[in-house]
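The structure appears below as structure tokens.
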Amino acid sequence: MLELKSLTKRFGDKIAVDAATFVVDRPMMIGIIGRSGAGKSTLLRMLNRLSDASDGHIFFDDTEITGLRGAARREWQSRCAMIFQQFNLVPRMDVVSNVLHGTLNRRSTFATMFNLYPQDDIHKAIEILDRLGIAEQAPKRAEALSGGQQQRVAIARALMQDPKIILADEPIASLDPMNAQIVMDALRRIHEEDGRMVIANLHTLDTARRYCDRVIGMRDGRIVFDGRPDQLTTGVARDIYGAGADFSEDATSTAIETLDRQQQETAKAKALV
Amino acid sequence: MTGTTLGQSFGVQRTADIQNAYMAMARTKRMYGGIMLVIFIALMASGFMLADSRNAGGFWDGILNVFDFPGEVLAEASEKAALIPALMVKFFPSLLETINIAAAATLVGGLLAVILSLLSTRGLARFPRLIGVFRRLMDILRAIPEIVIALVLIFVLGGGPVPAMIAIALHTAGALGKLFSEVNENASVQPLEGLESTGANWTQRMMLGVVPQVAPNWLSYALLRFEINIRASAILGFVGSGGIGYDLKNAFSWGQGRYDEVAAIFILLFLAIVFFDQLSSHYRNKLVGKA
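Chains A and B are the protein sequences, given in the same order. Using the working numbering, you'd call the opening residue of the first sequence number 785 and step up by one each time. Using the working numbering, you'd call the opening residue of the second sequence number 434 and step up by one each time.
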């Protein structure tokens, strides 16, 4: 379905992504983990064709994506939605208009310039918002919403594109634990109910373990791990993050349960003393 | 079972309500947009008709002759194309004078604009009650056309580059002051508080707290203004303040067979603007990149 062949990105003499190669044969939820600067974002941006690969190829259903130009490239982008860490909505436009931006590739420039969208699209946009639990926010400006709500608007925009793949670049890195969980649950549900492929850059291991069917670990631009979440042991994680023996994943966790666990452990430790 | 169905139908009902409410809002917006468009077109059309009816010649008769004059200039210039490089050399000193006027005016006007802008920015001003006064002062500086100030000064001081420089500097102070003060408004006040806590006075706070934050934007506006001032200084040459504008006026008004000079002067002006545009964008990028 999706195939990457030694995909490489160079910035000057620095190699951001070094010959990334993997095959995805069916829609699944994939988590990419690694330190900041490991090339995770660059990889996703190349998949969406926001930036061009220096070398290598991407194939999707036997079409070469890396070679697409102009309208064909934009058509691919509309089938391969992207969600960003900082949401990247248009702050001064209302929520529904932001969601309707997902249809830009299918509509004429002239109509969209005047914010004219078909009634069916508007209804569909609100239904998607309802599915994500934020339909009441429909007429508000995007900037008036909280971070978690804005990220769900961004997911709604992605769904409006009716994409085959959803790329999520650190979707929960700017959110509090409660909203992070809502957003990740939404992404998981979209994968399970609609059968779309989801590829998410994640910065916490427990999120990757909990939500993903497959985890890819990157270090200094190279893919150093590719396997099931249960194969992701603490030793492997240390390798991916290049950390020493003092590395504890709970320390980086943002999940609420981890906090409980830590408190329990602290309580236990205190009880023992 | 009943509960779920009821809940779902409630949900559907609610979604439908939101959809209808949003559609109504969208329709209202579209209607206003459509009305605005119709009014805009009507105003443009009626204004054009009115202006056209008051024109001496009439727009539709004149429009066909638009290219006659440039055509004549180009034809004559191309006939004497071989002479143009020599003429460009001949007019180069006047171009330098024009650029000199513009540079001095931008510098003097820019410094004045810095002071005026800091005095008229809310939250930074030395005398908050006088903000209005300084703003009106800048409005006045912008409102009076440069050419009027230049004419008055030429009458008082006699012809030459100094009246032109003063005239352009005054206008620049008003125009840049407004732009600078808009930049100042976006400056963070936290560094200022930090400096104030050390006992710094107003001038120190402005120079050390605000200027480092806003300098790249200031420079960018000042360089744009410099380009505008080169053109303004060329125009003021028409009223007798020297520089390349004076030569241009002579070449134009005496008419007979001097269009090659006109072409040479235009090429010089164009090259000067391109040169300073490139130069300014280079330095702007350098400053922004390092900041």
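Ideal placement from N, C-alpha and C gives every residue a C-beta, glycine not left out. Note that the coordinates shown come from a computational prediction; the quantities given were computed from them, not determined experimentally.
**Asked** What does a CB cutoff of less than 7 Å around SER674 of chain B pick up in its chain, not counting 5 residues either side in sequence?
**Response** Counting only Cβ-Cβ distances below 7 Å, and skipping sequence neighbours, we find ALA583, ILE587, GLY592, GLY593, PRO594, PRO596, ALA597.
**Prompt:** Taking C-beta to C-beta, are LEU786 of chain A and MET981 of chain A nearer than 8 Å?
**Reply:** It is a contact, given that the beta carbons lie within the stated cut-off.
**From A:LEU888, A:PHE806, A:ASP802, A:LEU831, residue whose alpha carbon lies closest to that of GLY1005 of chain A** = A:ASP802
**Message:** Quick check on MET812 of chain A: does DSSP put it in helix, strand or coil?
**Reply:** Taken through DSSP and simplified to helix, strand or coil, MET812 of chain A comes out as coil.
**Message:** Cβ closer than 7 Å: which chain B residues qualify as neighbours of ALA919 of chain A?
**Reply:** THR448, ILE451
**Prompt:** CB VAL643 of chain B to CB ALA608 of chain B, shorter than 8 Å?
**Reply:** no
**Prompt:** Of all the options B:GLU579, B:VAL707, B:PHE699, which has the alpha carbon lying nearest to the alpha carbon of ALA510 of chain B?
**Reply:** B:PHE699
**Asked** So, do the stretch 834-849 of chain A and the stretch 904-923 of chain A have three or more beta carbon pairs nearer to each other than 8 Å?
**Response** Contact between the stretch 834-849 of chain A and the stretch 904-923 of chain A is absent, because fewer than three Cβ pairs lie under 8 Å.
**Item:** Terminal residues of the alpha helix (DSSP H) in which GLU787 of chain A lies
**Value:** No alpha helix (DSSP H) holds GLU787 of chain A; the beta strand (DSSP E) holding it covers 786-795.
**Message:** Is the separation between the beta-carbon of PHE871 of chain A and that of GLN935 of chain A shorter than 8 Å?
**Reply:** Contact check for PHE871 of chain A against GLN935 of chain A passes: the beta carbons are separated by less than 8 Å.
**Prompt:** Which residues of chain A have a Cβ atom closer than 7 Å to the Cβ of GLY466 of chain B, listed in chain order?
**Reply:** PHE898
**Prompt:** Per DSSP, ILE939 of chain A forms a beta bridge with which residues?
**Reply:** Per DSSP, none; premise fails for ILE939 of chain A.
**Request:** Check each candidate in A:TYR1025, A:GLY851, A:ILE912 and name the one with the smallest Cα separation from ASP978 of chain A.
**Result:** Of the listed residues, the one whose Cα sits closest to ASP978 of chain A is A:ILE912.
**Prompt:** Looking at the C-beta of ASP914 of chain A, does it have a partner C-beta in chain B at a distance below 8 Å?
**Reply:** yes
**Message:** Suppose you measure from the CA of ARG853 of chain A to the CA of GLY632 of chain B; what does that come to, to the nearest Å?
**Reply:** 60 Å
**Item:** Beta-bridge pairing of PHE843 of chain A - partner residues as DSSP gives them
**Value:** A:GLU787, A:GLU848
**Prompt:** Of all the CB atoms in chain B, is at least one closer than 8 Å to the CB of HIS907 of chain A?
**Reply:** yes
**Below-8 Å beta-carbon distance, ILE966 of chain A vs any chain B residue** = It does not; no Cβ of chain B falls within 8 Å.
**Test item: CB-CB of ASP997 of chain A and VAL1008 of chain A under 8 Å** = If you check the CB distance, ASP997 of chain A and VAL1008 of chain A do not come in under 8 Å.
**Prompt:** ILE910 of chain A touches chain B at which residues, Cβ-Cβ below 8 Å?
**Reply:** THR448, ILE451, GLN452, TYR455
**Request:** Please report the Cβ distance between ARG891 of chain A and GLN861 of chain A, rounded to the nearest whole angstrom; I am assuming they are in contact, meaning their Cβ atoms lie under 8 Å.
**Result:** Not really, about 15 Å apart at Cβ, beyond 8 Å.
**Request:** Check whether the stretch 657-673 of chain B touches the stretch 523-541 of chain B, counting contact only when three or more Cβ pairs, one atom from each stretch, lie closer than 8 Å.
**Result:** yes
**Asked** Short check: CB of SER550 of chain B to CB of PHE613 of chain B, under 8 Å?
**Response** yes
**Contacting positions in the stretch 933-946 of chain A - beta carbon closer than 9 Å to chain B** = none
**Message:** I'd like to know if ALA459 of chain B contacts chain A, where contact means its C-beta is closer than 8 Å to some C-beta of that chain.
**Reply:** yes
**Prompt:** So is VAL880 of chain A in contact with chain B if we call contact Cβ pairs under 8 Å?
**Reply:** yes
**Prompt:** Roughly how many angstroms separate the alpha carbons of LEU603 of chain B and MET482 of chain B, rounded to a whole number?
**Reply:** 38 Å
**Request:** Would you list, in chain order, the members of the stretch 566-589 of chain B that have their beta-carbon closer than 8 Å to a beta-carbon of chain A?
**Result:** none
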